[in-house]
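Take a look at the structure below.
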Amino acid sequence: MKKRDKLAIIRSYYPQAISTIDSVNQLIDFVEWQLDLDPGHVMMADSICSDDVNSIQYPARASEFLGPFKLGGLDGFPFTGLTGMGAFASHVPDEGAVFIYYGPHIGITKDGSIGEINRVGQHKNSACCGAAKAALARLANHQIQEGVVTDLDYQMNTLEQILFRQKERILSASSPLYEATEVIYEAIDERINQLVAQTKYNCRYLLLMGAILINSDSDMGSFTETRRFDCIDLASGERQNLMTVPVTPKAAGQGAGW
Ligand SMILES: [Zn+2]
Numbered sequence: 182m183k184k185r186d187k188l189a190i191i192r193s194y195y196p197q198a199i200s201t202i203d204s205v206n207q208l209i210d211f212v213e214w215q216l217d218l219d220p221g222h223v224m225m226a227d228s229i230c231s232d233d234v235n236s237i238q239y240p241a242r243a244s245e246f247l248g249p250f251k252l253g254g255l256d257g258f259p260f261t262g263l264t265g266m267g268a269f270a271s272h273v274p275d276e277g278a279v280f281i282y283y284g285p286h287i288g289i290t291k292d293g294s295i296g297e298i299n300r301v302g303q304h305k306n307s308a309c310c311g312a313a314k315a316a317l318a319r320l321a322n323h324q325i326q327e328g329v330v331t332d333l334d335y336q337m338n339t340l341e342q343i344l345f346r347q348k349e350r351i352l353s354a355s356s357p358l359y360e361a362t363e364v365i366y367e368a369i370d371e372r373i374n375q376l377v378a379q380t381k382y383n384c385r386y387l388l389l390m391g392a393i394l395i396n397s398d399s400d401m402g403s404f405t406e407t408r409r410f411d412c413i414d415l416a417s418g419e420r421q422n423l424m425t426v427p428v429t430p431k432a433a434g435q436g437a438g439w
C-alpha cells in the first residue's frame, strides 16, 4: 500500500498524523540545521507504552541519537518519575541536547477500526492500547473506585484513576477510546512538564515532543500526531514553540509539518 493511502486511513481519525519514520527524519534534520548539533550528541528519552509493538515499530534511524532512556510504563505515563528523569539528565553530553518523546498510543487497523491492530503472525486483531481499553471497560462498568491504587497493579490502577477523573467526558464521547487517549495524553503532558521543571540538565537544549502515537497493522507501520514540540534553551530558560518552525532553511515557507 502506498504511503498516501496509509496516511488517508490514519488521518480519518488524526488529521495531522505523519509516519513515525518521517517524524524522526524531520527531527534529525531539525537538530542538524536549526540547533547545529550532531544527532549523536542528543540523548533521547521516551515515555511511550511498554507494548512490544512500540519496539517493533520504532524507526531504526532513531538509533542515531543516544538512548533511548525508557521513562514510560503502561500507555506511556512517565512512571519512572523524578528519579528516571534525573538519571538520564546526568548522561547527556555537555554541549548536547535532551529530546523527550512522549504520549499514549492507539491502534488503527488498515480497515479503519480504532483500538486494535493486526500483529505479526496473528490471524485475529488484538487490543492497542490494551491497558487503556481495559481501564475504559472498567470505567464504563463503574468498577473504578476513587483513590484505589494497589501495589500489585500500580500502573494499571494509575491509568484507571486518570480516566476516572474525566469519567463523564470520556463516556459521553462519540468514541470513548479516542477521548480516553486524549485524557491520557493531557495527563502525560502535565506530568512530563512537572518532572522537567524539577530536573537539572547540564546541556544546551531540552526538546519536548508530545504526541499521539498511532500503531497500525504489521504491514502498515506507525504514525504520530504531534501535539507539542518545544525547545528550551537551558542557559536562558527561553522556551520556543517549534510547531510552525521550518525544519531546514530550504523548507521555509512550507511549514515543518510535524
Ligand atoms: Zn499500550
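Residue numbers (this note's numbering): 182 to 439.
Even glycine gets a Cβ: it sits at the ideal position worked out from N, Cα and C.
Since the model is a prediction, treat every value here as computed from it, not as a measurement.
Notebook entry, point to check: Taking the C-alpha atoms as reference points, what is the distance between residue 291 and residue 212?
Noted result: Numbered from its first residue, the sequence shown carries residue 291 at position 110. Numbered from its first residue, the sequence shown carries residue 212 at position 31. Near 32 Å, if we compare the C-alpha coordinates of residue 212 and residue 291.
Next item on the list: Go to residue 357, then tell me how far its alpha helix (DSSP H) extends in each direction, as first and last residue.
Entry: What you label residue 357 is simply residue 176 of the sequence shown in a count that begins at 1. It spans 357 to 378 - the alpha helix (DSSP H) in which residue 357 sits, taken as one unbroken run.
Margin query: Check whether the stretch 278 to 285 and the stretch 257 to 267 are in contact - that is, three or more C-beta pairs closer than 8 Å.
Written below: yes
Notebook entry, point to check: When the distance is taken between beta carbons, is residue 384 closer than 8 Å to residue 276?
Noted result: The residue labelled residue 276 in the question sits at position 95 within the sequence shown. The residue labelled residue 384 in the question sits at position 203 within the sequence shown. A contact, by the Cβ cut-off of 8 Å.
Item checked: Bounding residues of the beta strand (DSSP E) (the contiguous stretch that carries residue 215) -> Stepping through the sequence shown from its first residue, residue 215 is reached at position 34. Residue 215 -> no beta strand (DSSP E), and no H or E assigned at all.
Next item on the list: Rank 304, 349, 342, 199 by C-alpha distance to the C-alpha of residue 184 and give the top, closest one.
Entry: Taking the first residue of the sequence shown as position 1, residue 184 is located at position 3. When each option's Cα is compared against that of residue 184, the closest is 199.
Notebook entry, point to check: For residue 412, which of 315, 423, 372, 239 has the nearest alpha-carbon?
Noted result: Against the sequence shown, residue 412 aligns to sequence position 231. The residue with the shortest Cα to Cα distance from residue 412 is 423.
Margin query: Does the contact criterion of 3 or more C-beta pairs under 8 Å hold for the stretch 322 to 329 versus the stretch 338 to 349?
Written below: yes
Checklist line | Rounded straight-line distance, which links the Cα of residue 388 to that of residue 416 | finding: Looking up residue 416 in the sequence shown gives position 235. Looking up residue 388 in the sequence shown gives position 207. Taking the straight line joining both Cα atoms gives about 14 Å.
Checklist line | Collapsed DSSP secondary structure at residue 220 in the structure displayed | finding: Here residue 220 refers to the residue found at position 39 of the sequence shown. DSSP places residue 220 in helix when its eight states are reduced to three.
Next item on the list: With DSSP collapsed to three states, give me the class of residue 327.
Entry: Counted from its first residue, the sequence shown places residue 327 at position 146. Residue 327: coil per DSSP, three-state reduction.
Margin query: Quick check on residue 294: does DSSP put it in helix, strand or coil?
Written below: The residue given as residue 294 occupies position 113 in the sequence shown. Coil.
Item checked: Buried versus exposed call for residue 232 [16 or more other C-beta atoms within 10 Å across all chains shown] -> As a first step, residue 232 is located in the sequence shown; it is residue number 51 there, counting from the start. Residue environment analysis places residue 232 among the buried positions, since at least 16 neighbouring C-beta atoms fall within 10 angstroms of its C-beta.
Next item on the list: Give every residue whose Cβ lies closer than 6 Å to any heavy atom of ligand 1, listed in chain order.
Entry: Those residues, listed in chain order, are 230, 232, 256, 286, 310, 311, 312.
Notebook entry, point to check: Three or more beta-carbon pairs under 8 Å between the stretch 295 to 315 and the stretch 225 to 240, yes or no?
Noted result: yes
Item checked: Member of 407, 293, 238, 405 whose CA lies at the smallest distance from the CA of residue 301 -> Here the question's residue 301 lines up with position 120 in the sequence shown. Ranking 407, 293, 238, 405 by Cα distance to residue 301 puts 238 first.
Note to self: I need the straight-line Cα distance from residue 248 to residue 254, nearest angstrom please.
What the structure shows: Indexing the sequence shown from 1 puts residue 248 at position 67. Indexing the sequence shown from 1 puts residue 254 at position 73. Roughly 17 Å between the two C-alpha positions.
Note to self: Mapping the DSSP letters down to three states, classify residue 282 as helix, strand or coil.
What the structure shows: Sequence index remark: in the sequence shown, residue 282 carries index 101 (1-based). Three-state DSSP puts residue 282 in a strand.
Next item on the list: Under the assumption that residue 390 contacts residue 407 (Cβ atoms under 8 Å), give the Cβ distance between them as a whole number of angstroms.
Entry: Residue mapping note: residue 390 aligns to position 209 of the sequence shown, counting from 1. Residue mapping note: residue 407 aligns to position 226 of the sequence shown, counting from 1. Correct: roughly 6 Å between the Cβ atoms.
Notebook entry, point to check: Looking only at C-alpha atoms, which of 316, 222, 373 sits nearest to residue 346?
Noted result: The sequence position of residue 346 within the sequence shown is 165, counting from 1. Closest option to residue 346, Cα to Cα, is 316.
Checklist line | C-beta contact flag for residue 293 and residue 308 at 8 Å | finding: Locating residue 293 in the sequence shown gives position 112, where the first residue counts as 1. Locating residue 308 in the sequence shown gives position 127, where the first residue counts as 1. Not a contact, by the Cβ cut-off of 8 Å.
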